[in-house]
Amino acid sequence: MSNIERTGPPRLRLRLTPAAEGAVRSGHPWVYGERIRESNREGRSGEVAVVYDRKDRFLALGLYDPDSPIRLRVLHTGKPVPVDDAWWQARMAAAIARRAGLFGADTDGYRLVNGESDGWPALILDRYAGALVLKLYSAVWLERVDDLVRWIRAAEPSVGRVVLRLSRNAQAAFEVAGYRDGQNLFGADAADSVVFHEDGLRFWSDVVKGQKTGFFLDQRENRRRVGSLSAGAEVLNAFSFSGGFSLHAARGGAVSVTDLDISPHALDAARRNFELNREDPRVSGARHQSVQADAFEWLENGPGRFDVVICDPPSLAKREHERAGAIEAYRRLAHAAAGKVRPGGLLLAASCSAHVLEEEFHAAVIEAVDRTDRRYEVVERAAHAPDHPATFDEARYLKAVYLRFRD
Ligand code: SAH
3 MSNIERTGPP RLRLRLTPAA EGAVRSGHPW VYGERIRESN REGRSGEVAV VYDRKDRFLA
63 LGLYDPDSPI RLRVLHTGKP VPVDDAWWQA RMAAAIARRA GLFGADTDGY RLVNGESDGW
123 PALILDRYAG ALVLKLYSAV WLERVDDLVR WIRAAEPSVG RVVLRLSRNA QAAFEVAGYR
183 DGQNLFGADA ADSVVFHEDG LRFWSDVVKG QKTGFFLDQR ENRRRVGSLS AGAEVLNAFS
243 FSGGFSLHAA RGGAVSVTDL DISPHALDAA RRNFELNRED PRVSGARHQS VQADAFEWLE
303 NGPGRFDVVI CDPPSLAKRE HERAGAIEAY RRLAHAAAGK VRPGGLLLAA SCSAHVLEEE
363 FHAAVIEAVD RTDRRYEVVE RAAHAPDHPA TFDEARYLKA VYLRFRD
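When we follow this note's numbering, the leftmost residue of the sequence shown carries the number 3, and every step to the right adds one.
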């Protein structure tokens, strides 16, 4: 086989349980440690392992990850291929090419590589104008950081800067090797924040220290939709972060926009984003207010009602055992947020908890809103943006529902 190394230790060879074999064959990209039933030797972090099936036929290639419960991150199934420089480079170019034509010149903030769903396990690449943010979630990439920069620059020759961001899990291993969360891998510009455009609106993204890669690109389509539904409205943006939904609402003709967030830093960021767009008369014409409070508490007890209420909390279940608590929290939030919507008004309830399934989330929202005894209809359900493809269940974390209240 062409992909067997000629020198060094023999290629790491794995065999899986029948269930894991089936899952890999049907495209699931993760193999947990307890589902590996045989290996020819100890594996090293980041090495390419080859998986054989029960009949000793080639099944898959993957990155071995001894430090994670996800022990193998599948790269490829089907026929054997040499995982060499040209292969990686073509894969990077393919992911980036998948975004071609998705956005016009007025949007230069979007995801270029969405992890497993783009064939790049535990790796995200986001664009903010001329700066790219490479976020790594596993030490499997540690030995390939320089290569990644080279593959990225080959696929995106105009890039001016590549910033490295590290997930909490990956930080220690990278720091030992001399890397630092937020460092530039390429480019001299060291500013924390970068201005980019979303539908012609300008936003700051803190690419060095911000949450995720600096902005919640995954909600773009919902922000757009809210913009188109906000003419003449008084809008409440709960869990507002840097005001993404608020700016779209203001530009869409909202009379007033109220940001609600527990973090003064997030509220400041939203003020800066309003400032950045003040030349747009609709943005400067909208009354912008900030409320620093716990949204759970404020939605229940705070004053006033609104024509449009957005409720987009952070992930409430980062782990499976938090799931039941998260569903209860979504019920509580949906009930309280519905109480803030005027007759005729709109509620957008969203969830980014991977461990809460789409149907569970929708059921929780409906159940909670039914308890208000108000008449309403579900106008629309929404999920992932096209630059965030999701090819397996665990990747489908984002769900949202729009409700219109009749009375
Ligand atoms: N909707 C945003 C992203 C929301 S991120 C967008 O489209 O950009 C989640 C936000 O919730 C963060 O800004 C965080 O500070 C805030 N947050 C977390 N817990 C909170 C709480 N209990 N009350 C209010 N805000 C909270």
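Don't be surprised by glycine CBs; every beta carbon is placed ideally from N, CA and C. Because the structure is a prediction, the values reported are computed rather than measured.
Classify residue i as helix, strand or coil using the three-state DSSP reduction.
{"i": "H386", "result": "coil"}
{"i": "W206", "result": "strand"}
{"i": "Q291", "result": "strand"}
{"i": "V53", "result": "strand"}
{"i": "S31", "result": "Per the sequence shown, the amino acid found at residue 31 is Pro instead of Ser. It is coil, neither helix nor strand."}
{"i": "R406", "result": "strand"}
{"i": "S119", "result": "helix"}
{"i": "A351", "result": "strand"}
{"i": "I72", "result": "strand"}
{"i": "I98", "result": "helix"}
{"i": "D309", "result": "strand"}
{"i": "L150", "result": "helix"}
{"i": "N275", "result": "helix"}
{"i": "V343", "result": "strand"}
{"i": "G48", "result": "coil"}
{"i": "Y399", "result": "coil"}
{"i": "A392", "result": "coil"}
{"i": "S195", "result": "strand"}
{"i": "D220", "result": "helix"}
{"i": "G104", "result": "Sequence check: residue 104 is Leu here, not Gly. The answer is coil: DSSP assigns L104 none of H, G, I, E or B."}
{"i": "D263", "result": "strand"}
Does the beta carbon of residue i fall short of 8 Å from some heavy atom of the ligand SAH?
{"i": "P315", "result": "yes"}
{"i": "F298", "result": "yes"}
{"i": "L262", "result": "yes"}
{"i": "G184", "result": "no"}
{"i": "S274", "result": "The amino acid at residue 274 is misidentified as Ser; the sequence shows Arg. No, since every heavy atom of the ligand SAH falls outside the 8 Å radius drawn around the Cβ of R274."}
{"i": "F218", "result": "yes"}
{"i": "S28", "result": "no"}
{"i": "R225", "result": "yes"}
{"i": "S244", "result": "yes"}
{"i": "A295", "result": "yes"}
{"i": "Q213", "result": "yes"}
{"i": "Q221", "result": "yes"}
{"i": "F241", "result": "yes"}
{"i": "T268", "result": "The amino acid occupying residue 268 in the given sequence is Ala; Thr does not appear at that position. Yes, the ligand SAH has a heavy atom inside 8 Å of this Cβ."}
{"i": "F198", "result": "no"}
{"i": "S292", "result": "no"}
{"i": "F363", "result": "no"}
Looking only at C-alpha atoms, which of the options sits nearest to residue i?
{"i": "M94", "options": "A62, S140, P159", "result": "P159"}
{"i": "K211", "options": "L203, Q173, R167, H199", "result": "R167"}
{"i": "V76", "options": "Y34, T374, A319", "result": "Y34"}
{"i": "H290", "options": "H199, W300, N279, Y399", "result": "N279"}
{"i": "A272", "options": "S292, G255, S286", "result": "S292"}
{"i": "L203", "options": "G245, P345, A351, A88", "result": "G245"}
{"i": "G48", "options": "H199, E382, F407, A172", "result": "A172"}
{"i": "A156", "options": "R170, D87, A397, V83", "result": "D87"}
{"i": "G184", "options": "A51, K214, V197", "result": "K214"}
{"i": "N42", "options": "S140, R15, G341, V151", "result": "R15"}
{"i": "R408", "options": "F176, L350, V343", "result": "V343"}
{"i": "G64", "options": "D58, R13, G111", "result": "R13"}
{"i": "T393", "options": "R383, E379, S232, V26", "result": "V26"}
{"i": "Y181", "options": "R146, S230, L134, V257", "result": "R146"}
{"i": "G378", "options": "P391, S355, G347", "result": "According to the sequence displayed, residue 378 carries Tyr and not Gly. Looking at the Cα atoms, G347 is the closest of the given residues."}
{"i": "E396", "options": "D372, S355, A366", "result": "S355"}
If we count the other Cβ atoms within 10 Å of its Cβ and call it buried at 16 or more, is residue i buried or exposed?
{"i": "T9", "result": "exposed"}
{"i": "W32", "result": "buried"}
{"i": "S1", "result": "Only positions 3 to 409 of the chain appear in the structure, and residue 1 is not among them; the question remains open."}
{"i": "D128", "result": "buried"}
{"i": "H323", "result": "exposed"}
{"i": "E361", "result": "exposed"}
{"i": "P104", "result": "Rather than Pro, the amino acid found at residue 104 in this sequence is Leu. L104 is exposed by the Cβ-count criterion."}
{"i": "M3", "result": "Any reading at M3 must be qualified, since the residue scores a pLDDT of 45, below 50, and its modelled position is unreliable; the value itself is stated next. M3 is exposed by the Cβ-count criterion."}
{"i": "V208", "result": "In the sequence as presented, Val is not what sits at residue 208; that position holds Asp. By the 10 Å Cβ count, D208 comes out buried."}
{"i": "P84", "result": "exposed"}
{"i": "R56", "result": "exposed"}
{"i": "V403", "result": "buried"}
{"i": "D67", "result": "buried"}
{"i": "D296", "result": "exposed"}
{"i": "V52", "result": "buried"}
Kindly identify the DSSP beta-bridge partner or partners of residue i.
{"i": "S41", "result": "L16"}
{"i": "E200", "result": "L203"}
{"i": "S258", "result": "E236, R289"}
{"i": "L138", "result": "L125, L168"}
{"i": "Y181", "result": "Answer by DSSP bridge pairing: none, since Y181 is not bridged."}
{"i": "S244", "result": "Bridge partners of S244: none, in fact."}
{"i": "V380", "result": "L405"}
{"i": "R163", "result": "A133"}
{"i": "A62", "result": "V53, T79"}
{"i": "G111", "result": "Y130"}
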